[in-house]
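This report concerns only the one structure given below.
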Amino acid sequence: MRPTIFLDIGFEHQMHAILKILPNERQTLLFSATLTEKTKDLVTMAFRKKPVFVRAKGEEAGATADKLTQMYTVVAQDKKLPTLLAWLRRHKTEKILIFFSTKSGTLFYEKLLRAIGIHVLALYGAMSQDRRTNTFFQFVEAKSGILLATNVASRGLDFPAVHWIVQFDPPIDPKEYIHRVGRTARAGMKGEAITFLQPSELAYLDLLRDCNLDLKSVDIEDVDFNGLQQKIEEVVSTNYELQRLASEAFQAFVKSYDQRAHTLFNNSGINKTQAAKLSE
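All letters in the sequence shown, in the order written, are residues 1 to 280 by UniProt numbering.
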């Protein structure tokens, strides 16, 4: 696991403690695929003297694995969850990693899918170390299964033989998109990635095309929207914890959405009525 991932998932204090017990006279080498703010923080933390930066020329920013098939589907916001449920039922024998934009959203969908009867794992910030480690190795060793995650799982974690990457919430940064889909089609294997887009988010495709990322359009057909939505609402209506998590997830989602580029993501497409039903 990359050291910067430890910072992302809340181990900054532990990193400080480890560095303090190392000898003052030492040679320190830090390797990172990207020079992010977190990496710079780690440089400040780890090096006693001004470091020397050595940059290796890599592939173009838009490069993805040759055996990766990338696609998107257009789904209205109030139909995204029923569509995801229908899609998961069709791919239940495969190994799937689903990305969400917030920790609250990941936690809500973890609890909801389990309540519906779909076994899932989840990985996000602020989890205990024991639970995080256990979840990581469960998914590593699984031949099939579903892992819900925030961007904490988009870099530095190697999950073997992942068949699908599902981006339930698309990231605003194309580099983050690349890191997410990079969790599949590894070591010469084939992989597929699908991104859920609302009709108001189609400008996102232009942003990806500017980075030489061309996604093909697919339809997820024969979805019983009314039946699945009714089942979701019935489960949530009888579970106070799910109602609370639904409210927290929606608030976090709107806040996250507001921070994105409004030319690409328009929060006027968010169905507040549906969210209110879940959290009543």
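In this text, a Cβ means the ideal position worked out from N, Cα and C, and glycines have one as well. These figures come from a predicted structure and were not determined experimentally.
Rounded to whole angstroms, the separation of the alpha carbons of residue 202 and residue 210 is 14 Å. A distance of 8 Å or more separates the beta carbons of residue 171 and residue 183. The alpha carbon of residue 144 has as its nearest neighbour, out of 208, 72, 97, the alpha carbon of 97.
Per the C-alpha coordinates, the member of 88, 161, 126, 21 positioned closest to residue 114 is 88. Separation of residue 82 and residue 46 (C-alpha to C-alpha, rounded to the nearest whole angstrom) is 47 Å. The beta carbon of residue 168 lies closer than 6 Å to those of 98, 100, 196 in the same chain, with the five residues before and after it left out.
Under DSSP, residue 164 takes part in a beta bridge, and its partners are 96, 192.
The continuous alpha helix (DSSP H) containing residue 133 extends over residues 129 to 141. Distances from the CA of residue 92 to each of 164, 256, 244, 14 were compared; the closest alpha carbon is that of 164.
Per DSSP, residue 204 is not a residue of any beta strand (DSSP E); the alpha helix (DSSP H) it occupies stretches across 203 to 209. Separation of residue 42 and residue 234 (C-alpha to C-alpha, rounded to the nearest whole angstrom) is 47 Å.
Residue 192 and residue 18 have their C-alpha atoms spaced approximately 39 Å apart.
In this structure, residue 199 sits near residue 74, with a CB-CB distance shorter than 8 Å. Judged by DSSP in its simplified three-state form, residue 145 adopts strand. Listed in chain order, the non-local C-beta contacts of residue 147 below 8 Å within the same chain comprise 96, 97, 98, 120, 121, 122, 123, 135, 139, 153, 159, local neighbours out to five positions each way being set aside.
Residue 106 sits in a helix when the DSSP states are folded into three classes. In the three-state reduction of the DSSP assignment, residue 32 falls in the coil class, being assigned neither a helical nor a strand state.
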